[in-house]
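Report on the structure given below.
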Amino acid sequence: MKTLRLVGVVAASALALTACSGTGQDDDGASDNKEDWTYAVITHSSAGDAFWDRVKSGAEQAGDDYGVTVQYDSDPDPAGQSQKIDGAVADKVDGIVVSMANPDGLETSIKAAVAAGIPVVTINSGVDRFKEFGAITHVGQSETIAGAAVGERLKAEGMTNVVCVIQEAGNVGLEERCKAVGETLGGTVENLQVDGTDDAAVQASITSKLQADSSIDGVLTLGGQYAIDAVAAVEQAGSGAKVATFDLSEDVITNIQDGKILFAVDQQPYVQGYLGVTTLYLKDLNGNDVGGGQPVNSGPAFVTQDNADDVLEFAKNGTR
């Protein structure tokens, strides 16, 4: 609830402003008419990822609210994502929002965008590198802080042997989460790499792991849809392991209500998309620097049985 009020305040403030600055681009590509402003949102999402659907919804809603054009695109391959960034620069967009799951793979393209006078905002992944690349700010959660908090919660549940399911190979943010969990759990945390584009394969991998090691007492997934796979895997393996997850969906919340998932860590992807576009809009509209050079935290927020009912109404709308 607090997040939605914050977004509403930011949106209302932006719409109330009447001053208008340039886009920061060269004169031949700039426009003082906000209806002509175009922002590219380029993420590392794979097709069918419910988390990124919410990022996209937030970004597009911000575009509708501010009367600007938002072009969303994605590619899980860093080389492909870089090409899309290069294409946005060539198109002389007024700003770029980008997730940096693989910062090294995007460095050249992002720095080229900044050098071309195009403001860049990073979201979701890349909090440790956004300043180095010249981005205005970063909107997301600290994976280290979130992972540490999860480890403490799992420890309080009595877990000592946890499987941390990683659905994207090479995603440094996901690896940081699992590492931070292990540092506060005080037990064993083993990473399990799965193919996040195939839910059946994810379930099979988790099932096989649980069947091979009956001492596993916890399964932590790093995406909401994979928590549903984990619940099914626990049942199929006849395991007593408990499931917890990062990220939300309507199904995840229902499973929390039913006691099949302990909790979900909500980094609020809708906020990441909305505030990413908002930051660029305010930069163009009024020369504002949201965050003052520091990252803007969108999470973590925990969803448990205590507050699941309140969050469910927003999840049904596709915004949580």
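Numbering (mature numbering (1 follows the signal peptide of the UniProt record, and there is no 0)), first residue to last: -21 to -1, 1 to 299. We put the beta carbon where it would ideally sit given N, CA and C, even for glycine.
According to DSSP, what are the bridge partners of residue i?
{"i": "Asp52", "result": "Ile21"}
{"i": "Ser104", "result": "Beta-bridge pairing links Ser104 to no other residue."}
{"i": "Cys143", "result": "Asn170 and Leu199"}
{"i": "Gly119", "result": "Asn276"}
{"i": "Asp245", "result": "Ala280"}
{"i": "Ile240", "result": "Val222"}
Taking the C-alpha atoms as reference points, what is the distance between residue i and residue j?
{"i": "Gly238", "j": "Leu259", "result": "41 Å"}
{"i": "Asp196", "j": "Asp230", "result": "22 Å"}
{"i": "Tyr18", "j": "Ile97", "result": "10 Å"}
{"i": "Gly297", "j": "Arg33", "result": "6 Å"}
{"i": "Gly3", "j": "Thr48", "result": "Reliability of the predicted coordinates at Gly3 is poor, the pLDDT of 44 falling under 50, and the value obtained from them is presented with this limitation in mind. Using only the alpha carbons, I get a separation of about 17 Å."}
{"i": "Val99", "j": "Lys262", "result": "10 Å"}
{"i": "Ile235", "j": "Lys13", "result": "43 Å"}
{"i": "Gly8", "j": "Val213", "result": "The pLDDT assigned to Gly8 is 47, lower than 50, so where the model puts this residue is not dependable, and the model offers no usable value."}
{"i": "Ile232", "j": "Ser61", "result": "35 Å"}
{"i": "Gly219", "j": "Gly149", "result": "30 Å"}
{"i": "Ile64", "j": "Gly105", "result": "16 Å"}
{"i": "Ile115", "j": "Asp107", "result": "13 Å"}
{"i": "Gln146", "j": "Ala127", "result": "20 Å"}
{"i": "Leu241", "j": "Asp208", "result": "15 Å"}
{"i": "Gly266", "j": "Val198", "result": "46 Å"}
{"i": "Arg(-17)", "j": "Asp44", "result": "For Arg(-17), the predicted model reports a pLDDT of 37, less than 50, meaning its position is unreliable; a value from the coordinates is still stated below. If I take the Cα positions, the gap works out to 15 Å."}
{"i": "Ala95", "j": "Leu254", "result": "23 Å"}
{"i": "Phe293", "j": "Gly152", "result": "26 Å"}
{"i": "Lys71", "j": "Ala179", "result": "41 Å"}
{"i": "Met79", "j": "Gly271", "result": "20 Å"}
{"i": "Ala216", "j": "Ser184", "result": "11 Å"}
{"i": "Lys134", "j": "Leu189", "result": "19 Å"}
{"i": "Val210", "j": "Val68", "result": "43 Å"}
{"i": "Gly130", "j": "Gly46", "result": "42 Å"}
{"i": "Gly113", "j": "Lys90", "result": "7 Å"}
{"i": "Lys110", "j": "Tyr205", "result": "32 Å"}
{"i": "Arg132", "j": "Ala287", "result": "17 Å"}
{"i": "Glu177", "j": "Leu264", "result": "The sequence as given places Asp at residue 177; Glu does not occur at that position. Each residue's alpha carbon lies about 42 Å from the other."}
{"i": "Gln273", "j": "Val256", "result": "17 Å"}
{"i": "Val77", "j": "Thr200", "result": "24 Å"}
Let me know if residue i comes out buried or exposed under the rule of 16 or more other beta-carbons within 10 Å of its beta-carbon.
{"i": "Thr87", "result": "exposed"}
{"i": "Asp6", "result": "Interpretation of Asp6 is limited by its pLDDT of 45, a score under 50 that renders its predicted location unreliable; the figure taken from the coordinates is listed afterwards. By the neighbour-count rule (16 or more Cβ atoms within 10 Å), Asp6 is not buried but exposed."}
{"i": "Ser(-1)", "result": "Here the model assigns Ser(-1) a pLDDT of 39, short of 50, so the residue's position is not dependable, and the following value carries that caveat. That one is exposed."}
{"i": "Ala92", "result": "buried"}
{"i": "Asp73", "result": "buried"}
{"i": "Asp245", "result": "buried"}
{"i": "Ser228", "result": "buried"}
{"i": "Gly203", "result": "buried"}
{"i": "Ala223", "result": "buried"}
{"i": "Ser193", "result": "exposed"}
{"i": "Gln172", "result": "exposed"}
{"i": "Asp28", "result": "buried"}
{"i": "Lys295", "result": "exposed"}
{"i": "Gly137", "result": "exposed"}
{"i": "Ala191", "result": "exposed"}
{"i": "Asp289", "result": "exposed"}
{"i": "Ala58", "result": "exposed"}
{"i": "Gln182", "result": "buried"}
{"i": "Asp285", "result": "exposed"}
{"i": "Asp268", "result": "exposed"}
Taking only beta-carbon positions, decide if residue i is within less than 9 Å of chain B.
{"i": "Gly278", "result": "Annotation note: the requested chain B is absent from the structure, which comprises a single protein chain."}
**Item:** In chain order, each beta strand (DSSP E) run of at least 3 residues that lies wholly inside the stretch 167 to 226
**Value:** 167 to 172, 197 to 200 and 221 to 225
**Prompt:** Given 8 Å as the limit, is there contact between the stretch 44 to 53 and the stretch 21 to 31, that is, 3 or more CB pairs closer than that?
**Reply:** yes
**Item:** Every unbroken beta strand (DSSP E) within the stretch 259 to 288, with a cutoff of 3 residues, ordered by chain
**Value:** 280 to 282
**Prompt:** For the stretch 70 to 86 against the stretch 157 to 167, are there 3 or more C-beta pairs whose distance is under 8 Å?
**Reply:** no
**Item:** the stretch 32 to 51 / the stretch 239 to 251 touching (three or more Cβ pairs under 8 Å)
**Value:** yes
**Prompt:** Quick one: any contact between the stretch 130 to 144 and the stretch 167 to 174, if contact means 3 or more CB pairs under 8 Å?
**Reply:** yes
**Asked** Counting Cβ pairs, one atom from each stretch, are 3 or more of them under 8 Å apart for the stretch 276 to 296 and the stretch 111 to 126?
**Response** yes
**Request:** Mind listing, in chain order, the continuous beta strand (DSSP E) runs of no fewer than 3 residues lying wholly within the stretch 28 to 102?
**Result:** 48 to 53, 74 to 78 and 99 to 102
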